[in-house]
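Numbering (our numbering), first residue to last: 2 to 467.
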């Protein structure tokens with residue numbers, strides 16, 4: 002069996018409706034559209050969580066983030082005991098590289114620009130999580146001149162608590178060169194040499210390329226703003242920032258083609274959650290949910306429904322659209338299934354293999370997609386905090402005693418989640434609530450180290466659901 006190269010591309014806060022292949026007629030995304038149209042486009046693809054860090058954990062592990070304590074952005078870290086894609090693929094001889102936003106732990110045991118973080122306790126950099134090569138930031142940076150908030154670090158070596166003080170680390174060392182201009186180009190400048198070196202040495206490679214764009218602060222370069230000169234300044238920056246990502250993905254594909262490996266490379270693309278729901282100080286939040294309800298931080302589809310595709314020549318049929326609900330939880334089990342990898346233990350995996358869908362046109366998801374996310378009602382757009390999505394229905398609840406908050410939507414006929422049909426689906430809601438209680442008990446067992454062979458102390462306590 003030929004081992005494919007594997008690339009996970011992910012944008013940050015990109016909305017379902019922000020790309021041409023999902024109907025956007027303003028933002029120019031020709032490279033993404035070309036890859037989506039020549040592969041499988043997922044019409045109902047879900048980020049594993051409604052915010053950054055949780056989704057990133059699901060991408061690498063196939064497990065819900067409450068199992069290992071990455072419950073919010075800048076909360077917890079990826080435990081070394083988790084079996085990740087990088088860990089699995091290294092066992093098959095893959096070169097592994099991470100480029101861009103990490104957000105699964107601190108990158109320096111003595112420093113984090115986030116005052117809520119304990120940098121030493123949450124130290125979990127990609128170079129200690131089975132990545133051979135890395136060029137990473139702990140959290141968000143400006144999408145233009147990404148080091149603007151860390152100039153003092155580069156000049157004096159002293160740490161700073163500035164808001165955007167999230168420096169790049171290159172293979173564990175503070176990066177100091179080629180850090181100006183478009184951040185998407187800056188990180189792709191590191192990813193491409195990694196790929197070229199792997200191909201030149203006849204090694205299969207695995208790369209996570211996680212863009213910061215279009216997360217706040219959204220700043221596009223002059224050439225990209227000029228492309229949208231008929232729009233407002235804020236729109237110019239947002240739209241231009243997305244097109245800058247598209248340009249770099251085009252550059253990536255042309256590199257793969259030039260080296261003759263585009264036909265043997267699996268390219269997944271998605272966003273880590275829906276678009277930001279707040280404008281921020283710069284007012285440059287212009288992300289589109291494509292009409293879906295809610296936004297980032299919500300368990301409505303505007304918060305977790307994201308644009309996605311798989312480009313994989315010879316496997317992902319050109320022009321095909323998959324309507325079955327799929328998730329970032331499915332990356333790990335799909336790749337493991339293709340390679341024939343067997344887990345060394347029986348830890349729960351919350352995702353499913355999509356190989357039957359990719360190869361045999363499986364159209365019904367065998368297991369639902371689970372969610373849990375706790376925040377105040379306003380940023381969640383009044384969404385309940387626990388949910389489960391099957392092939393047709395989404396049920397949301399807080400598991401209260403009277404179920405007064407329960408919601409149920411027919412996601413085939415009502416993707417916008419406008420009509421609560423819980424009164425027609427009482428039995429379904431009852432069964433889902435029971436299933437969710439059992440699943441939460443399983444998450445609690447995992448969270449407290451029950452899946453690991455050695456003693457484990459969670460960084461954050463498991464929050465009981467009342």
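C-beta atoms are modelled at their ideal positions from N, C-alpha and C, and glycine is treated no differently. Please read all numbers here as calculations on a predicted model, not as lab measurements.
Residues 93, 94, 95, 205 and 340 of the same chain have their beta carbon placed closer than 8 Å to that of residue 4, with the five preceding and five following residues left out of the count. When DSSP reads this structure, residue 371 sits in a beta bridge with 389. Residue nearest to residue 13 within the set 243, 360 and 266 is 243 (criterion: CA-CA distance).
The segment 126-140 makes contact with the segment 166-173, as at least three CB pairs between them are under 8 Å. Per DSSP, reduced to three states, the secondary structure at residue 296 is coil, with no helix or strand assignment. Following the DSSP letters along the chain, one finds residue 304 inside the alpha helix (DSSP H) bounded by residues 302-305. Per DSSP, the beta bridge partners of residue 207 are 7 and 97.
In the DSSP annotation of this structure, residue 287 is not part of any alpha helix (DSSP H), being labelled neither H nor E. For the pair residue 110 and residue 214, the Cα-to-Cα distance works out to about 26 Å.
The beta strand (DSSP E) runs of length 3 or more contained entirely in the segment 12-44 are, from start to end of the chain, 41-43. DSSP, read as helix, strand or coil, puts residue 109 in strand. DSSP, reduced to helix, strand and coil, places residue 398 within a strand of the structure shown. Between the alpha carbons of residue 453 and residue 223 lies a distance of about 50 Å. Straight-line measurement puts the Cα of residue 260 at about 45 Å from the Cα of residue 380. 8 Å or more divides the Cβ of residue 374 from the Cβ of residue 82. Within the model, the alpha-carbon separation for residue 245 versus residue 270 is close to 15 Å. Secondary structure of residue 83 (DSSP, three-state): coil.
Residue range 53-62 is occupied by the alpha helix (DSSP H) that includes residue 54. The criterion of a C-beta distance shorter than 8 Å is not satisfied by residue 310 and residue 35. When the alpha-carbon of residue 65 is set against those of 403, 197 and 353, the nearest one is in 353.
The beta-bridge partner set that DSSP reports for residue 411 consists of 394. In terms of Cα proximity to residue 219, the closest of 202, 425, 237 and 232 is 237.
Annotation for residue 271: the continuous beta strand (DSSP E) segment containing it runs 266-272. Here the C-alpha atom of residue 366 lies approximately 11 Å from the C-alpha atom of residue 331.
Inclusion of residue 60 and residue 49 in the CB contact set at 8 Å is warranted, their separation being smaller than that value. Closest option to residue 287, judged by alpha-carbon separation, among 232, 199 and 317: 232. Put simply, the backbone Cα of residue 77 is about 13 Å away from that of residue 116. For a cut-off of 8 Å, the C-beta gap from residue 2 to residue 337 is around 14 Å, too long to register as a contact.
Cβ neighbours of residue 91 within its own chain (closer than 7 Å, five residues either side excluded): 97 and 131. Shown here for residue 56: same chain residues with a beta carbon closer than 7 Å to its own, the five before and five after excluded, namely 48, 49, 50, 273, 274 and 329 in chain order. Between the alpha carbons of residue 195 and residue 294 lies a gap of roughly 40 Å.
In the DSSP assignment, the residues bridged to residue 134 are 98. When secondary structure is reduced to three states using DSSP, residue 328 falls in the strand class. Collapsing the DSSP output to three states places residue 145 in a strand. Ranking 348, 185, 315 and 308 by CA distance to the CA of residue 266 puts 315 first. Boundaries of the beta strand (DSSP E) harbouring residue 311: 310-312, taken from the DSSP string.
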